[in-house]
Ligand SMILES: Nc1nc2c(c(=O)[nH]1)N[C@H]1C(S)=C(S)[C@@H](COP(=O)(O)OP(=O)(O)OC[C@H]3O[C@@H](n4cnc5c(N)ncnc54)[C@H](O)[C@@H]3O)O[C@H]1N2
Ligand code: MOO
Ligand SMILES: [Mg+2]
């Protein structure tokens, strides 16, 4: 059986970023992935400007200014923000200006208003400034033509602000991956149907749809299918129009587990059948030829609700991130946390225990979910924000000891 690390690297090697692009505007760019490098042909700040409401002065005019020995300057012009200075400041002169106002030629320093006393057309400078004080110089923060944003960056508020400032209003991004979601199982009913003995309400469909959306991909729901080979085959063929397929159920060794067999019939190359991980041991990863000559990446997740979610977080989410064109940050985030309880595993599989991860006074703390850690128990998954990882080399963690925790972004 493959180790988790082997499965992870195999999956990432099988995942090829999409190259199709589309254009979005600044208001629809959130969480999209930039498909090109962006440079700006302007400096930032665009021009020297004031960081304070006050007076633009010539530093050379000022000597040992204090309330007792103020320098008196002639205020020859006013420069409201948004206007261009009309006048060069000469020796003995000052300009009234405001935060964001352009610096006038001749002036090199700003004195904040609180350090001045205005008297008609004159201003007294009551405190000696440092040379160039409160001037935000052209190009201090960014020099025209240098790289600004790299291809593959996820666009969040800071990056969108930068794009707006660079006057980049039509933004090339990668198209979102389309992810098909398919639940298999003759026992499954939809949540709005009456429950008959032996049936199970399909929860994986909804959990996986939420996770796929949170990962920035587009969901394509395939009709839930019973454990009949012909139906499973038709459903998988339907799903293969997507870039990536996630099915749940039917990947173990039971008589009604038809996913692997169906994939093989469809010409798939099956790369993974099981991983030494708990929960989530039966995991099918395949590449399947599609009718239009492309290849879809197929994840057959185990049906148990916890196994399906943990497999998604550990293996599928990184693949969707890579598929999306993100240049980095595909891998799950692991942090070192202090365990609040004793953690213990048995058996030979790398094991993930779910619970809550909190940052308390700068230290991550992991609190194990109460109740049964069974892969069929989705009830105590509520509020899960971390999965503590225990390996066969160190199968126990004492309260207060450190443990690696996979951070589940909420
Ligand atoms: N003899 C063995 N039996 C099992 C093994 C094994 O190694 N040998 N592995 C066990 C493990 S571990 C897991 S995990 C499961 C995986 O089973 P399948 O992927 O084949 O899934 P199913 O048999 O179809 O269902 C398992 C379980 O999950 C429930 N389920 C399925 N789909 C959904 C859904 N959409 N929403 C909610 N619940 C779902 C299903 O009713 C079953 O209870 O196999 C073990 N068995
Ligand atoms: O590996 Mo299964 O996912 O433990 O229940
Ligand atoms: Mg089964």
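Residue numbers (the UniProt record's numbering): 1 to 410.
Idealized CB from N, CA, C, for every residue including glycine.
Checklist entry - For residue 398, does the three-state DSSP call read helix, strand or coil? => result The count along the chain shown starts at 1 and reaches residue 398 at position 398. In the structure shown, residue 398 sits in coil (DSSP, three-state: anything other than H, G, I, E or B).
Next on the checklist: Please classify residue 399 as buried or exposed, where buried requires at least 16 other C-beta atoms within 10 Å of its C-beta.
Outcome noted: Position 399 of the chain shown, counting from 1, holds the residue named residue 399. With fewer than 16 other Cβ atoms within 10 Å, it is exposed.
Next on the checklist: Tell me whether residue 304, by its Cβ, gets closer than 7 Å to a heavy atom of ligand 2.
Outcome noted: Along the chain shown, read from residue 1 onward, the residue named residue 304 stands at position 304. Correct: residue 304 has its Cβ closer than 7 Å to ligand 2.
Checklist entry - By the 10 Å Cβ neighbour count, where 16 or more other Cβ atoms means buried, how is residue 379 classified, buried or exposed? => result Start at 1 with the first residue of the chain shown, and residue 379 comes out as number 379. Exposed, since its Cβ has fewer than 16 Cβ neighbours within 10 Å.
Next on the checklist: My parser needs the alpha helix (DSSP H) runs of 4 or more residues fully inside the segment 283 to 359; what are they?
Outcome noted: 305 to 311 and 317 to 323
Item to check | Environment of residue 137 [buried if 16+ CB atoms lie within 10 Å] | outcome: In the chain shown, residue 137 corresponds to position 137, counting from 1. The residue is exposed, with fewer than 16 neighbouring Cβ atoms inside 10 Å.
Checklist entry - Within the present structure, is the beta-carbon of residue 8 separated from the nearest heavy atom of ligand 1 by less than 7 Å? => result What you label residue 8 is simply residue 8 of the chain shown in a count that begins at 1. No; taking the cut-off as 7 Å, the Cβ of residue 8 has no heavy atom of ligand 1 nearer than that.
Next on the checklist: Tell me the rounded alpha-carbon separation between residue 21 and residue 216.
Outcome noted: Mapped onto the chain shown, residue 21 falls at position 21. Mapped onto the chain shown, residue 216 falls at position 216. Answer to the nearest angstrom: the Cα atoms are 15 Å apart.
Next on the checklist: Please tell me whether, using a cut-off of 7 Å, the distance from the CB of residue 254 to the nearest non-hydrogen atom of ligand 3 is below it.
Outcome noted: In the chain shown, counting from the first residue as 1, residue 254 sits at position 254. Yes, the Cβ of residue 254 comes within 7 Å of a heavy atom of ligand 3.
Next on the checklist: Assuming residue 274 and residue 348 are in contact, meaning their beta carbons sit under 8 Å apart, how far apart are those beta carbons, in whole angstroms?
Outcome noted: Walking along the chain shown from the start, residue 274 turns up at place 274. Walking along the chain shown from the start, residue 348 turns up at place 348. In fact, because the Cβ distance is near 12 Å, the residues do not count as touching under 8 Å.
Next on the checklist: So, under 8 Å CB-CB, residue 105 and residue 85 are touching, yes? Tell me the CB distance rounded to an integer number of Å.
Outcome noted: For the purposes of this step, residue 105 is taken as residue 105 along the chain shown, with counting starting at 1. For the purposes of this step, residue 85 is taken as residue 85 along the chain shown, with counting starting at 1. Correct: roughly 7 Å between the Cβ atoms.
Next on the checklist: To the nearest angstrom, how far is the alpha carbon of residue 377 from that of residue 143?
Outcome noted: The sequence position of residue 377 within the chain shown is 377, counting from 1. The sequence position of residue 143 within the chain shown is 143, counting from 1. So the two alpha carbons sit approximately 56 Å from each other.
Item to check | First and last residue of the uninterrupted beta strand (DSSP E) at residue 8 | outcome: Indexing the chain shown from 1 puts residue 8 at position 8. That residue, residue 8, is in no beta strand (DSSP E); its alpha helix (DSSP H) goes 4 to 14.
Checklist entry - Are the beta-carbon atoms belonging to residue 243 and residue 177 less than 8 Å from one another? => result Sequence index remark: in the chain shown, residue 243 carries index 243 (1-based). Sequence index remark: in the chain shown, residue 177 carries index 177 (1-based). Going by C-beta atoms, residue 243 is nearer than 8 Å to residue 177.
Item to check | Any non-hydrogen atom of ligand 1 closer than 7 Å to residue 204 Cβ | outcome: Position 204 of the chain shown, counting from 1, holds the residue named residue 204. Indeed, a heavy atom of ligand 1 lies less than 7 Å from the Cβ.
Item to check | Contiguous beta strand (DSSP E) assignments of at least 3 residues, all confined to the segment 133 to 186 | outcome: 147 to 149, 171 to 174 and 178 to 183
Checklist entry - residue 155 and residue 30: beta carbons closer than 8 Å? => result One-based indexing of the chain shown puts residue 155 at position 155. One-based indexing of the chain shown puts residue 30 at position 30. Yes, these two residues count as a Cβ contact at 8 Å.
Item to check | For residue 459, the three-state DSSP class (helix, strand or coil) | outcome: Only positions 1 to 410 of the chain appear in the structure, and residue 459 is not among them; the question remains open.
Checklist entry - How many Å lie between residue 158 and residue 149 at the Cα? => result Sequence index remark: in the chain shown, residue 158 carries index 158 (1-based). Sequence index remark: in the chain shown, residue 149 carries index 149 (1-based). Using only the alpha carbons, I get a separation of about 11 Å.
Next on the checklist: Just to check my reading of the structure: residue 62 and residue 125 have Cβ atoms closer than 8 Å, yes? What is that Cβ distance to the nearest angstrom?
Outcome noted: Translated into the one-based positions of the chain shown, residue 62 becomes position 62. Translated into the one-based positions of the chain shown, residue 125 becomes position 125. Contact holds; Cβ gap of about 6 Å.
Checklist entry - Run through DSSP, which three-state label would residue 49 get? => result To locate residue 49, count along the chain shown from 1; it is residue 49. Residue 49: strand per DSSP, three-state reduction.
Checklist entry - Any heavy atom of ligand 3 closer than 7 Å to the Cβ of residue 257? => result For the purposes of this step, residue 257 is taken as the residue at position 257 of the chain shown. For ligand 3, at least one heavy atom lies less than 7 Å from the Cβ of residue 257.
Item to check | For residue 167, the nearest candidate out of 351, 207, 56 and 25 (CA to CA) | outcome: Position 167 of the chain shown, counted from the first residue, corresponds to residue 167. Of 351, 207, 56 and 25, the residue nearest in Cα terms is 25.
Item to check | residue 204 versus residue 308: straight-line alpha-carbon distance, rounded | outcome: The residue given as residue 204 occupies position 204 in the chain shown. The residue given as residue 308 occupies position 308 in the chain shown. If you take the alpha carbons of residue 204 and residue 308, they lie about 7 Å apart.
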